[in-house]
Amino acid sequence: MTDTADAVPEPDRAEPPAPQPLGIPVTPTGDAAVDARLARLADVDHLAVSGHLRVYEDVHRGLRDVLAGLDQRPGPPAHEPHRPQGSHRSHEDHEMH
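Remember, my numbering sits 2 above the position in the sequence shown when you count from 1.
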């Protein structure tokens with residue numbers, strides 16, 4: 003005969019709670035490529051902590067690529083170097099002086 007008063011209760015085997023969104027707003031930067039990468043951070047709101055690293059690494063890699071791309075874009079035209087007075091003036095400049 004089993005005495006129910008002496009029975010050891012079963013430990014709760016409840017599943018861990020579902021991931022909850024952190025609700026951290028992301029302010030747009032104005033750069034579409036950067037904003038797309040930052041928007042990807044919202045994916046972690048729906049993942050277990052074990053999945054966060056993959057998203058963070060992906061975002062980091064994407065932001066690094068965007069920065070590297072800045073080095074490859076041609077910049078604004080170089081400013082014309084300062085010319086000493088009296089050198090290489092146009093015909094119109096001579097008429098004004």
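All C-beta atoms, glycine included, are put in the ideal place defined by N, C-alpha and C.
A quick note: this is a predicted structure, and the numbers were derived from the prediction, not measured.
Next item on the list: Please go through the same chain and pick out, in chain order, the residues whose beta-carbon is closer than 7 Å to the beta-carbon of Asp45, but skip the five residues on each side of it.
Entry: Val57
Next item on the list: Would you decide whether Arg39 is buried or exposed? Buried here means 16 or more other CB atoms lie within 10 Å of its CB.
Entry: buried
Next item on the list: Inspect the beta-carbon positions of Asp37 and Thr29 and report whether they are closer than 7 Å.
Entry: no
Next item on the list: Assign Arg39 to one of three DSSP states: helix, strand, or coil.
Entry: helix
Next item on the list: Grab me the residues of Pro21's own chain with a C-beta within less than 7 Å of its C-beta, minus the 5 sequence neighbours each way, in chain order.
Entry: Asp47, His48, Leu49, Ala50
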